[in-house]
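Accompanying notes for the structure given below.
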Amino acid sequence: MKIIFAGTPHFAASALAALLKEHQIVAVLTQPDRPSGRGMQMTASPVKQLALQHGLTVLQPESLKTEQAGKAIAELGADVMVVAAYGLILPVAVLELPRYGCLNIHASLLPRWRGAAPIQRAILAGDKETGITIMQMDVGLDTGDMLLRQACPIEAVDNAQTLHDKLALLGAASILEALRLLQENRLTPVVQDNNAACYASKLLKNEAMIDWRQDAEQIARAVRAYNPFPVCQSKLNDVVLKVWQAEVCPDQHGKPGEVLSVDRRGITVACGKGALQLLVLQRPGGKAQPAAQFMQAMPVNAGEFFGNLNA
20 MKIIFAGTPH
30 FAASALAALL
40 KEHQIVAVLT
50 QPDRPSGRGM
60 QMTASPVKQL
70 ALQHGLTVLQ
80 PESLKTEQAG
90 KAIAELGADV
100 MVVAAYGLIL
110 PVAVLELPRY
120 GCLNIHASLL
130 PRWRGAAPIQ
140 RAILAGDKET
150 GITIMQMDVG
160 LDTGDMLLRQ
170 ACPIEAVDNA
180 QTLHDKLALL
190 GAASILEALR
200 LLQENRLTPV
210 VQDNNAACYA
220 SKLLKNEAMI
230 DWRQDAEQIA
240 RAVRAYNPFP
250 VCQSKLNDVV
260 LKVWQAEVCP
270 DQHGKPGEVL
280 SVDRRGITVA
290 CGKGALQLLV
300 LQRPGGKAQP
310 AAQFMQAMPV
320 NAGEFFGNLN
330 A
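Going by our numbering, the sequence shown opens with residue 20, and the numbers climb by one from there.
Pasting the structure below:
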C-alpha cells in the first residue's frame with residue numbers, strides 16, 4: 020500500500036520501521052526540528068532521522084490547516100495515512116484525502132485513556148492492563164471507530180519507559196495486522212462507548228511533587244508513572260530530591276513525611292497509609308544513584324541529614 024506516515028517520537032519510529040519492511044512509504048510527516056539537549060541544538064525527531072536514513076520524503080509543516088499543506092498531501096495519492104504520536108491536529112480536509120482515510124496507533128485500550136498521556140495515566144490509576152488501539156481517525160480527540168485492539172499487561176515493575184517500549188513494539192505489530200486486514204476487507208469498525216471514556220491529560224511537572232499524605236501504593240505508582248518524565252520529587256532540608264525508584268513497605272507506619280529508617284538499601288518514609296522505601300535517588304546536578312551510593316556521597320552522617328520530608 021502507498022502510505023503517508025505521520026509521527027514524531029520514538030514510539031512512532033518503531034511503527035515506521037515496521038511499515039518500511041512491508042509497504043511503500045510515499046512521504047513522512049513529522050514535527051519541525053526543535054532545540055534539544057544541554058546545548059539546545061536544533062534536533063530532528065526520531066521519525067525524521069529514520070526517514071532520512073531510508074531516503075524518504077520528509078514534510079515538516081507547522082500546521083496541516085493551510086491550503087499548501089493540504090495540496091502537498093493530496094498530490095502524494097496515498098491509500099492511507101498512518102498516524103502515531105504526531106502532535107498536530109488533522110483537519111477534516113486532510114482526514115478525507117487518503118483512499119482509506121487516516122489510521123491512528125493509540126497507546127491504550129480505547130475508550131479508556133483518550134488524550135496525550137495514556138501510558139502514564141494507566142499506571143497512575145493502577146490499571147492491570149493497557150494496550151494498543153488502531154483507530155479510524157475523525158475530528159474528535161481519539162473518538163474514532165476502533166478497528167483493532169491488542170491488550171498488554173501492566174507489570175508491577177513497569178514504569179512509563181518500560182511500558183512505552185512494550186507498547187511501541189505492540190503498536191508496530193498491530194498496524195501491520197490492521198493494514199493486512201484492511202487490504203482483505205476484513206476490518207470491522209466498532210463505535211466507542213463515550214460513557215466509558217476517560218481523559219489522559221498532558222503531564223505537568225508540578226504534579227510530580229510527592230504528597231506524603233497519600234497512600235504508599237499511590238505514591239509508588241506515581242514514581243513509576245513519572246519515570247522518566249517528569250520524575251517524582253520531594254524536598255529534604257530545602258533540597259529537591261528526585262525519586263526514580265521506590266518500594267512499598269505496607270507494615271511500617273508513621274507521620275506522613277517522617278523518615279522512619281535509613282540504611283544501605285534505601286530511605287523509608289512514612290505515608291498517609293504504609294511507608295515507601297526510596298531506592299534510587301538524585302540530588303540537583305547529580306546523577307540518579309542507588310540509595311547506598313547516594314548516601315556514601317553525603318557530606319554528613321546520613322542519620323543526621325535525614326529528618327522529615329515535606330508532606
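Ideal Cβ placement from N, Cα and C applies to all residues, glycine included.
Please read these numbers as outputs of a predicted model, since none were measured by experiment.
DSSP-derived helix/strand/coil call for residue i
| i | result |
| --- | --- |
| P54 | strand |
| R199 | helix |
| M314 | helix |
| G305 | coil |
| G322 | Reliability of the predicted coordinates at G322 is poor, the pLDDT of 46 falling under 50, and the value obtained from them is presented with this limitation in mind. In this structure, G322 counts as helix in the three-state DSSP scheme. |
| H125 | strand |
| R131 | coil |
| A330 | Residue confidence is low: A330 scores 45 on pLDDT, short of 50, so the model does not pin down where it sits. Its coordinate-derived value is still stated next. Coil. |
| E174 | coil |
Neighbour-count burial assignment, residue i, 16 or more Cβ in a 10 Å radius
| i | result |
| --- | --- |
| R53 | exposed |
| A294 | buried |
| A82 | Strictly speaking, residue 82 in this sequence is Ser, with Ala absent from that position. S82 should be labelled exposed. |
| A311 | exposed |
| K90 | exposed |
| K261 | buried |
| K40 | exposed |
| N204 | exposed |
Contact set for residue i: own chain, Cβ-Cβ below 6 Å, skip 5 residues either direction
| i | result |
| --- | --- |
| L48 | A25 and L78 |
| N123 | V102, M154 and M156 |
| A63 | D52 |
| Q233 | G291 |
| A330 | Residue confidence for A330 is low, a pLDDT of 45 falling below 50, so the modelled location carries little weight; the figure read from the coordinates is stated next. Cβ neighbours of A330 beyond the five flanking positions: W231, R232, P275 and G276. |
Residue(s) in a DSSP beta bridge with residue i
| i | result |
| --- | --- |
| G26 | A103 |
| R168 | T152 |
| S193 | Bridge partners of S193: none, in fact. |
| V288 | V278 and L295 |
Other residues of its chain near residue i: CB distance less than 8 Å, five sequence neighbours each side excluded
| i | result |
| --- | --- |
| A227 | A241, Y245, P249, V250, C251 and Q252 |
| A36 | L69 and A191 |
| E148 | L128, A170, C171, P172 and I173 |
Inter-residue CB distance, residue i and residue j (contact presumed, cutoff 8 Å)
| i | j | result |
| --- | --- | --- |
| V99 | P80 | Not a contact, Cβ separation roughly 19 Å. |
| Q264 | V299 | 4 Å |
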